[in-house]
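The structure appears below as structure tokens.
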Amino acid sequence: MEDVNKKTIRFPNETGSKLEKTARKLGRTKVQLFIQMVDYFYHTKKDPADLNDEALKTAILKGNQHLTGFIKAQEQSLLIPIRQDTERMINSQRRILEWLTKEEAAHHNSTASNLQHQTQKLSEIDLLVRQIGKQLQQKEQLKSQFMLILEAYIKAREQFSLMTSAREKDELVSKVKQQVKNL
Numbered sequence: 074m075e076d077v078n079k080k081t082i083r084f085p086n087e088t089g090s091k092l093e094k095t096a097r098k099l100g101r102t103k104v105q106l107f108i109q110m111v112d113y114f115y116h117t118k119k120d121p122a123d124l125n126d127e128a129l130k131t132a133i134l135k136g137n138q139h140l141t142g143f144i145k146a147q148e149q150s151l152l153i154p155i156r157q158d159t160e161r162m163i164n165s166q167r168r169i170l171e172w173l174t175k176e177e178a179a180h181h182n183s184t185a186s187n188l189q190h191q192t193q194k195l196s197e198i199d200l201l202v203r204q205i206g207k208q209l210q211q212k213e214q215l216k217s218q219f220m221l222i223l224e225a226y227i228k229a230r231e232q233f234s235l236m237t238s239a240r241e242k243d244e245l246v247s248k249v250k251q252q253v254k255n256l
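To convert, note that position 103 of the sequence shown is 176 in my numbering; the numbers rise steadily by one, no gaps.
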């Protein structure tokens, strides 16, 4: 079998001891660790010289934690009280609406009762007006019939002469009285 390890890298003893400690700590050989480091930097496109990468992650994480804390503080100081105030306002509006609905129903019932009462009174007034109209019509008929009886009486009286007997005069009077009674 042919040895695949054809390249060599020269580095200081201090770096070699760091590599050896890291390899032992991770349970790998120095060659395996080196290959994995190269693969890691190759795939992640990170610059090994940029030591601030971890510091940047830590700073971002701290910033996120700070923002999360700020949002929670705002939620406690602003959003929750606003929500509670909104709920109180909604409940208050609901009670006002219920009261207005009750008042409106009472007003409608009162108005309906008054309207029914007025309708009944108007019906009674209409009946009275019709009765008065009939009575006026009957009165006019009585007047016209009485006028006919009176004219007939006057005409009959004028036809009487000095020679007309008292009996005929009495008959005329009783006849006129009977006609008036028949009205």
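Glycine included, every Cβ here is placed at the ideal spot set by N, Cα and C.
Keep in mind the model is a prediction, meaning the values are calculated, not measured.
Beta carbon of residue i nearer than 9 Å to that of residue j
i, j, result
"Q246", "F219", "Looking at the sequence shown, residue 246 is not Gln but Val. No. Outside cutoff."
"T117", "L106", "no"
"R97", "Q109", "no"
"V202", "I222", "no"
"L256", "L209", "no"
"E224", "F233", "no"
Nearest candidate by alpha-carbon position, reference residue i, set the options
i, options, result
"Y226", "E244, M236, L215 and Q214", "E244"
Own chain, CB closer than 6 Å to residue i, minus 5 neighbours either side, in chain order
i, result
"L92", "K103"
"P121", "F114"
Whole-number beta carbon distance between residue j and residue i, since they are thought to touch under 8 Å
i, j, result
"K135", "D126", "K135 to D126, Cβ: 15 Å. No contact."
Beta-carbon proximity list for residue i, same chain, < 8 Å, skipping 5 on both sides
i, result
"I153", "none"
"L99", "L106"
Beta carbon proximity, residue i to chain D, threshold 9 Å
i, result
"A96", "Structure shown: chain D not included; a single protein chain is present."
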